[in-house]
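Respectively, the protein sequence lines represent chains A and B. Last residue of the first sequence: 525 in my numbering, with the numbers rising by one and none dropped. Last residue of the second sequence: 319 in my numbering, with the numbers rising by one and none dropped. Even for Gly, the Cβ is constructed at its ideal location relative to N, Cα and C. Structure, as structure tokens:
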Amino acid sequence: MTLAAVAHTSLPVGHPRLVDFEARAMGSPLRLSLVIDPARTGDVERATEAWLAVRTEFRESDAAMSRFSDTSELTSLNRRIRLAEPVALSRRLRQALVTCDRARRLSDGRFDPRVLLDLERLGDRGAPLDPWPSTAGRKRPAGPVLEAAPGRRFHLDRQVDLGGIGKGLALRWSADAVTRLGVDAFLLDAGGDLIVHGEPPEGGPWRVGIEDPTGGPEPLAVLNAADGAVATSSVRRRRWTSGDETLHHLIDPTSGEPGGPGLLAVTVAGPDPAWSEVWSKTLFLAGRAGVAAQARRRGLAAWWVTEDGTLEMTAAARQRTAWTAGEGV
Amino acid sequence: MTEPRRPLHVAVFLGLSAGAYAVSLAGVTALQAQSEAAVFGDRTPTAEVIAQISAAHDSLEARADRAAAAYARAAGGYDSIGQGLVDVEARLAGLADVVGSIEGAARSLPARVALPSVSRSVAAVARPTVHATTAASGG
Chain A
197 MTLAAVAHTS
207 LPVGHPRLVD
217 FEARAMGSPL
227 RLSLVIDPAR
237 TGDVERATEA
247 WLAVRTEFRE
257 SDAAMSRFSD
267 TSELTSLNRR
277 IRLAEPVALS
287 RRLRQALVTC
297 DRARRLSDGR
307 FDPRVLLDLE
317 RLGDRGAPLD
327 PWPSTAGRKR
337 PAGPVLEAAP
347 GRRFHLDRQV
357 DLGGIGKGLA
367 LRWSADAVTR
377 LGVDAFLLDA
387 GGDLIVHGEP
397 PEGGPWRVGI
407 EDPTGGPEPL
417 AVLNAADGAV
427 ATSSVRRRRW
437 TSGDETLHHL
447 IDPTSGEPGG
457 PGLLAVTVAG
467 PDPAWSEVWS
477 KTLFLAGRAG
487 VAAQARRRGL
497 AAWWVTEDGT
507 LEMTAAARQR
517 TAWTAGEGV
Chain B
181 MTEPRRPLHV
191 AVFLGLSAGA
201 YAVSLAGVTA
211 LQAQSEAAVF
221 GDRTPTAEVI
231 AQISAAHDSL
241 EARADRAAAA
251 YARAAGGYDS
261 IGQGLVDVEA
271 RLAGLADVVG
281 SIEGAARSLP
291 ARVALPSVSR
301 SVAAVARPTV
311 HATTAASGG
């Protein structure tokens, strides 16, 4: 239901309802679903302001962190790294890189954004760097992602990709902006990574389906989400073939090759969208053999789908699961 | 008239006799003291040995007292352990009785049990309506 449709609805005035705003941002569909009460003064105007705030946050995040945009700050940074000069960073890009560095430390190096050259080498092209750096003979990155230099500048030693965590941070910043406007309840969905606040119009938690990564039309499970985020790392979409090999975009930074053997997707629910993205990717790269131990050791609510299509989950995830395909009809 | 003659020679004689006696007594006394010193010197090593034997005897007696005390303590400990062993044996006997009764009950069970037939009914769980789907973002 769009905002225009709200004015023509036959529902009784004073009854809370959901309105949706939709667009595309950062290469994905973007949807903001807000709970408004048309009878309450300012709700409709507040919804419009919230959508504008979300669009602004995503536009500026894209300008800072997109590797596909030829004019983004990240593309410019990746082109300058070969000069080995310290660079000044915008607030968004600096926060993203600092978060990445913390994620690298907490994940024992399993999460590392310095895989851009590997993605390009494998065929997942972004904006050209011109001249294109070679990965031949270079050691895998091991130290900090960025180091402080004099004059509020930073030094980076390798080109970075902020695809997943960039979208998580855009969701975080957008949700903060919407909350600051006084919106009580909303769901913000950026291509499958999402954040919710408050309750839907009918009450209870927001219900989020987990996509079937094998391509089935029905979700494999439905989970309850309340005041938190859900992120999924999956090979369903960004997957391509090279010769006889099927490749995907989830690169293991320790090898430079597609990781996550035995897994098709990992979903993590947590308080923050950026960190849910970090852990979903980290767990995916642990592969089928290590995903359960990693998730339980970190106390995560995590669901994963194995290569044979089986859905498995942690105990914390089971508590948030409202329905699974195995027990449904 | 003549003066009576004084007997001086008697007095001299008595004096000489007394002197001779004193000299002889002193000699005898000196000889006796020398003899006793020699005897004392001969007996000193024997006294030392006797003192050492006495000290060894005291030490041996003290060790014997300690050994007796240790033995008394060991005997007390053995008595307490012995009581514990008696208790354990009593419990084992009780456990054996329980096992025996279970074995008896198990033997009395039938080899097969006919279960009543049940009608199978599975409640269909419909998928809840979802507000969104988490998925591969593609971005």
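Hey, out of A:Gly412, A:Ser268, A:Gly388 and A:Ala422, whose CA is closest to A:Pro401's CA? A:Ala422
A:Phe480: first and last residue of the uninterrupted alpha helix (DSSP H) it sits in: Pro469 to Arg493
In its own chain, which residues sit with a C-beta less than 7 Å from the C-beta of A:Asp357, not counting the 5 before and 5 after it? Arg263, Pro309, Val311, Leu312 and Leu315
Interface residues of chain A facing B:Pro290 [CB-CB closer than 8 Å]: What B:Pro290 touches in chain A: nothing, since even the nearest Cβ is about 36 Å away.
Buried or exposed: where does B:Phe193 fall if 16 or more other Cβ atoms within 10 Å of its Cβ makes it buried? exposed
Counting only beta-carbon separations shorter than 8 Å, does B:Pro296 have a partner in chain A? no
Excluding five sequence neighbours on each side, which residues of the same chain lie with their C-beta closer than 7 Å to the C-beta of A:Arg288? Glu256, Ser257, Ala260 and Met261
With a threshold of 8 Å, are at least 3 pairs of Cβ atoms found where one atom belongs to the segment 362-379 of chain A and the other to the segment 270-288 of chain B? no
Can you name, in chain order, every residue of its own chain whose Cβ lies under 7 Å from the Cβ of A:Gly417, other than the five neighbours on each side? Residue identity differs from the one stated: residue 417 of chain A is Ala in this sequence, not Gly. Ile406, Trp499, Leu507, Thr517, Trp519, Thr520 and Ala521, listed in sequence order.
Using a Cβ-Cβ cutoff of less than 7 Å, which residues in the same chain neighbour A:Gly456 once the five nearest sequence positions on both sides are dropped? Leu446, Phe480, Leu481 and Gly483
Residue of A:Asp353, A:Gly319 and A:Val294 minimising C-alpha distance to A:Arg435: A:Gly319
Delimiting residues of the alpha helix (DSSP H) encompassing B:Ile282: Leu188 to Ser288
Is it buried or exposed for A:Asp239, if we count other Cβ within 10 angstroms and need 16 for buried? buried
Please say whether A:Leu383 and A:Val392 have beta carbons closer to each other than 8 Å? yes
Cα-Cα separation between B:Pro187 and B:Leu196, rounded to whole angstroms: 15 Å
Under 7 Å by beta carbon: chain B residues contacting A:Ser430: Ala315 and Ala316
Run through chain A and tell me which residues come within less than 7 Å of B:Val310, C-beta to C-beta. Arg403, Val404, Gly405, Pro415 and Val418
Going by the CB atoms, is the gap between A:Pro337 and A:Pro467 shorter than 8 Å? no
Start and end residues, beta strand (DSSP E) containing A:Phe217: Arg213 to Ala221
For A:Val311, three-class secondary structure by DSSP: coil
Please determine if the segment 235-249 of chain A and the segment 278-288 of chain A are in contact, where contact requires at least 3 C-beta pairs separated by less than 8 Å. no
Helix, strand or coil: which one does DSSP assign to B:Ala306? coil
Using C-beta distances below 8 Å, list every residue in its chain close to A:Arg220, excluding the 5 sequence neighbours before and after it, in chain order. Leu226
Contact check, A:Thr295 vs B:Ala315, beta carbons under 8 Å: no
Between B:Arg307 and A:Pro340, what straight-line distance do the alpha-carbon atoms span, to the nearest angstrom? 45 Å
In terms of residue numbering, what span does the beta strand (DSSP E) encompassing A:Ser429 cover? Gly424 to Ser430
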